[in-house]
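Chains as they are written, first to last, in the working numbering: chain R, 1 to 369; chain Z, 1001 to 1369; chain L, 2001 to 2288; chain X, 3001 to 3288.
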């Protein structure tokens, strides 16, 4: 889960890392004691806010009012701005980049640091980014910190302060099950402070159960998404008009790839995962119907999820409510023959191969034409 | 460093482990609110206090006064009792043994537990002591605790409470660099509490530097011991009358063994360690003189500590102050010949072998006669 | 021969008495797997399909000589379960559980390395050496004894591919599901290395997907060390960046882990790529 | 041949610029040891006897290919230093430092195992393979090339014994000081195992002392696995229980670690015991 900047900064404060004086603002009265100039920052869980106009400077109260009005409610990369953070402008002497993330290949936390702070890290050349890996069996050690600090060209006092920040963000990374803790930029102010000007924190969704203090931001779900979530069905919403029901992440992706190959466009994807409960299949199929795709493509490999279980669920919906779009099914694996019988009963024809099924679905949905 | 029982219990309290209500008592007024019956316990850093009369029950204030007078100042296995702990008597339902110590072979913390609490653990038969090792790379895990608890024949609620105590003493063991944390007995009271009735904690001396809150108990040093400590000279005081100066722990022990073989008795042992400073050798030799041994046996293998360095130090003392007991020297290794010259100058004869030197020293000290 | 596991593995199941445990112990016994023990704290003394259940792995190992563990416990207890198996001296641990916090996986993957144990998963369907053993939840009826090794980051997709191989008469030496999480114990590289050394494996199939750089790492390794023909399928060519496609691992995040990069790497390593999962069987027929 | 170390080891010294560091770098160079780097944080760019000094082990390894580290840093920095060496890929770490908290040693000993590295010490004089290399603070002039392997828990006592061997013309293959602490990385067992496999070692000398059960463990191992003649001396036969005889390890605590128990165990394993340290040479002359 991506934390909004202001939530990340709350965690920074908890770990003793300085952040600019600021707060969420909704109206004029919220500015009363922050002083000017201010920076107003749209709170959305995506990057590139600055370029998109989501960050503005305000020199006085009147200016702040106007800019707040401009930012609040604007649409930033698909997210409507509902929260704005106002922060006292800070006098910057030096900017650093500092992060802890996960190195999947080494299976270790990776510290990255650069004296080129404030820039998009992907655009900083490799030799200017210093990396140090931390073995999770022993945790962050003094030598890790020494190495990183020695590369940043800092004074002794500065080095000490950045060491402390690094120690704290590593702690935060581990204690809050983070995928990423990034401070960019970490700035030295002219009055000698080290301040995190931005925060980017992503928490591993699988670990949210042990962080009850991390409350998901209100992100609007469509009624369908909400429905799927409540029913525990994995639901992915893409741009296209073909509704796909499959089981397993790999097979779902392979199905999308096959559709795209035949110029079809995947829309709603429902992943049945490892269920073998006809009721859950029924719910998933009802959900799919509500999404009103142009074509439904049921692609299944039966293992734990048996083919006939799925067929029964599908048939239950169709025989009760009927169906107003074509349904292409392609079924393999455990109890495949039984399933084909059931689907035939329900008036559905099964394709023989994935290619065949994908092509037919794509054609019916008007792809490639 | 062995902590006194009351100090160990202070640490237990810090870690949320219940101990009996009590305090150190010096006079009548200290008993005012503890209630009776009480237990009075001599605070000395050795075991077997009960059998030696260092633990007494007091039924009322008068009784307490008498017993306090008996215990305070008594001599327990060489330690004069200067502190007495008074504790409210506790109604015991069940007693357990619980400890965390170091398994040197496995190089891991070892948890030991037994339902036979209150007894000397060495006298409990092996199959009644349950052992679980904790790997320091991952620390105490739920499965370690589950295993131990499952063996103690406890009720569900009791198991939970002992789990908590175990978690806490493991934490204490690691955080305070302990060699041993032992609760014997850990008792269930009839009102449902789990209470540590005794504490035995040994902290690794080498780690005391990072535990400034652990202040060494006032243990009387002889003037010589104090002197040695101040000068950073390793000093061991045994029963005998032969003063030994050697370098290195192994060689020191081997020297003691050789003396004993020839019926000699080692007295003061000075270990020069790895010094190569004639001044330090001089100080050590002066110290040895003050100990007034019947014979001085200088046994040296020169490596980092060069033989002639030692010889110079010895000569400096003898030529300045003279010497009033025989000095047997046996010197091998780096600059051995130079050393022998110097010692000859100082009027000392060097023996050729360890055996020869040990025998001569023993004979001179009157051993074996 | 086979890699990693064979008929000698003596398997214990952690989480034996749950719905999944009972079902899969039965399935494994049917397959011929030597399931010797189950472990569920507090359920010691029971049995599942005649397999004795113990309170702790330590006792299960002491009593039955189990050397392999299948972990089916819920995500929040998984780390403790894996540590318990490793400390009890188990030498192969297969972790099926999904949604394990990756910080937990990070710890137990390194601890397995310390213990010199093989850890497969988490979030994987397990491993099967047809004709010998199956340790996991893979459907038992899709396999056929043969000479193709399969290593995969995906579950159902593997079944699909293995099934299409078997239907064409192409049997397998070992099929290993590596797991769909960002942190897994055994990667393509270890599997490739083992397949290269296995006399009964003539060709290797890798089933990859977007996310991470496991495929790129594998491609580098193949160039250097692998002489046997390698075939691959990569899922997620058209998955949009930033969307999690069901697996925590299958995500194109911060520009890393795209299918293009993986395909390019494999092509450079002379790995034959299939466009559709079921094409793998045709490719193998053509080249082997 | 020799065990653990030979002329190929490329040594870096952690704590290179201190008094001890400078002295022993000189001594090792004199002995013929390949000392390729020193490490002292903040002193990168200096040199000691012509050996370049770096700020970090990682840089020292990158620049010089060092594969071995000699740790001479003060006790409170030792854990960090050992971790640093191991993380930088150093495969042999010799820890001279004494008075290291044993909880620290416990951690780095297990971490070395995880890394597959050999850790000798702490609180040891180091290791020497005469004619090849010396990594540590052992006096260089006491050795003689030959066929006796020596493993010892004690420092000076080892010098004494090695010297008496050399004086009698009995040379050594390798002499390893294992360290006098309760927790050490390499024990008699690993040393015995290596000596057993070493073609140039004809006999083994163990120098033990009171405290712990290392000698008893070794005796069990000798009975099972060691075919070469083993000789031993044990210091502290007459040390009183509860007294620390200079080493944190050399203590008879809670009834464990007595000399009698060790002597009995060795006798059962057919190990020849010397009554005086210098008798070892005579015993070897008699039996080999």
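Where a beta carbon is used, it is the ideal one built from N, C-alpha and C, also for glycine.
Nearest neighbour of residue i, chosen from the options [CA to CA]
{"i": "residue 90/R", "options": "72/R, 71/R, 57/R", "result": "57/R"}
{"i": "residue 1330/Z", "options": "1354/Z, 1181/Z, 1313/Z", "result": "1354/Z"}
{"i": "residue 2202/L", "options": "2228/L, 2130/L, 2180/L, 2191/L", "result": "2228/L"}
{"i": "residue 1085/Z", "options": "1190/Z, 1072/Z, 1242/Z, 1338/Z", "result": "1072/Z"}
{"i": "residue 274/R", "options": "2196/L, 2145/L, 2159/L", "result": "2159/L"}
{"i": "residue 2209/L", "options": "2076/L, 2287/L, 2182/L", "result": "2182/L"}
{"i": "residue 3284/X", "options": "3206/X, 3029/X, 3268/X, 3251/X", "result": "3206/X"}
{"i": "residue 3174/X", "options": "3098/X, 3038/X, 3128/X, 3089/X", "result": "3128/X"}
{"i": "residue 1158/Z", "options": "1166/Z, 1194/Z, 1131/Z", "result": "1194/Z"}
{"i": "residue 1027/Z", "options": "1063/Z, 1167/Z, 1055/Z", "result": "1063/Z"}
{"i": "residue 3211/X", "options": "3179/X, 3039/X, 3048/X, 3170/X", "result": "3179/X"}
{"i": "residue 217/R", "options": "43/R, 36/R, 29/R", "result": "43/R"}
{"i": "residue 347/R", "options": "304/R, 357/R, 319/R, 337/R", "result": "319/R"}
{"i": "residue 434/R", "options": "352/R, 242/R, 270/R", "result": "Given that chain R is displayed from residue 1 to residue 369, the structure contains no residue 434/R and the question cannot be resolved."}
Residue i classed as buried or exposed, judged by whether at least 16 other C-beta atoms fall within 10 angstroms
{"i": "residue 2083/L", "result": "buried"}
{"i": "residue 1114/Z", "result": "buried"}
{"i": "residue 3134/X", "result": "buried"}
{"i": "residue 1001/Z", "result": "buried"}
{"i": "residue 1066/Z", "result": "exposed"}
{"i": "residue 2008/L", "result": "exposed"}
{"i": "residue 1297/Z", "result": "buried"}
{"i": "residue 2288/L", "result": "exposed"}
{"i": "residue 136/R", "result": "buried"}
{"i": "residue 1368/Z", "result": "Low local confidence applies: a pLDDT of 49 at residue 1368/Z is under 50, so the model's placement there is unreliable, and no value is given."}
{"i": "residue 3125/X", "result": "buried"}
{"i": "residue 376/R", "result": "Here chain R covers residues 1 to 369 and nothing more, so residue 376/R does not appear."}
{"i": "residue 1035/Z", "result": "exposed"}
Three-state class that DSSP yields for residue i in the structure shown
{"i": "residue 1152/Z", "result": "coil"}
{"i": "residue 234/R", "result": "strand"}
{"i": "residue 368/R", "result": "Per-residue confidence for residue 368/R stands at a pLDDT of 49, beneath the threshold of 50, marking its modelled position as unreliable; the derived number appears in the next sentence. Coil at residue 368/R, not helix or strand."}
{"i": "residue 2282/L", "result": "helix"}
{"i": "residue 1006/Z", "result": "helix"}
{"i": "residue 3138/X", "result": "coil"}
{"i": "residue 3052/X", "result": "strand"}
{"i": "residue 1204/Z", "result": "coil"}
Residue i: first and last residue of the uninterrupted beta strand (DSSP E) it sits in
{"i": "residue 3023/X", "result": "Taken as a continuous stretch (DSSP letters only), residue 3023/X belongs to no beta strand (DSSP E), being part of the alpha helix (DSSP H) at 3019-3031."}
{"i": "residue 43/R", "result": "It is not in any beta strand (DSSP E) - residue 43/R carries neither H nor E in the DSSP assignment."}
{"i": "residue 2069/L", "result": "2068-2071"}
{"i": "residue 97/R", "result": "92-103"}
{"i": "residue 23/R", "result": "22-25"}
Residue range of the alpha helix (DSSP H) that includes residue i
{"i": "residue 252/R", "result": "249-261"}
Counting Cβ pairs, one atom from each stretch, are 3 or more of them under 8 Å apart for the segment 3063-3071 of chain X and the segment 3092-3101 of chain X?
Yes, they touch.
Answer yes if the segment 2052-2060 of chain L comes into contact with the segment 2024-2044 of chain L, meaning at least three C-beta pairs across the two stretches below 8 Å, and no otherwise.
yes
Touching or not, the segment 1182-1195 of chain Z and the segment 1098-1106 of chain Z, by the rule of three or more beta carbon pairs under 8 Å?
Counting Cβ pairs under 8 Å, three or more are found: they touch.
Quick check: the segment 1223-1240 of chain Z against the segment 1282-1290 of chain Z, are there 3 or more CB pairs under 8 Å?
The segment 1223-1240 of chain Z makes contact with the segment 1282-1290 of chain Z: 3 or more CB pairs, one atom from each, lie closer than 8 Å.
Is it true that the segment 249-265 of chain R meets the segment 196-213 of chain R, where meeting means three or more beta-carbon pairs spaced less than 8 Å apart?
Counting Cβ pairs under 8 Å, fewer than three are found: no touch.
Is there contact between the segment 2139-2147 of chain L and the segment 2209-2222 of chain L, where contact requires at least three CB pairs shorter than 8 Å?
no
Under 8 Å: do the segment 144-163 of chain R and the segment 116-126 of chain R share three or more Cβ pairs, one atom per stretch?
no
I want to know whether the segment 1038-1057 of chain Z touches the segment 1005-1024 of chain Z - three or more CB-CB distances under 8 Å.
yes
Indicate whether the contact test is met: 3 or more Cβ pairs, each with one atom in the segment 2152-2170 of chain L and one in the segment 317-335 of chain R, closer than 8 Å.
yes
Check whether the segment 31-45 of chain R and the segment 237-257 of chain R are in contact - that is, three or more C-beta pairs closer than 8 Å.
no
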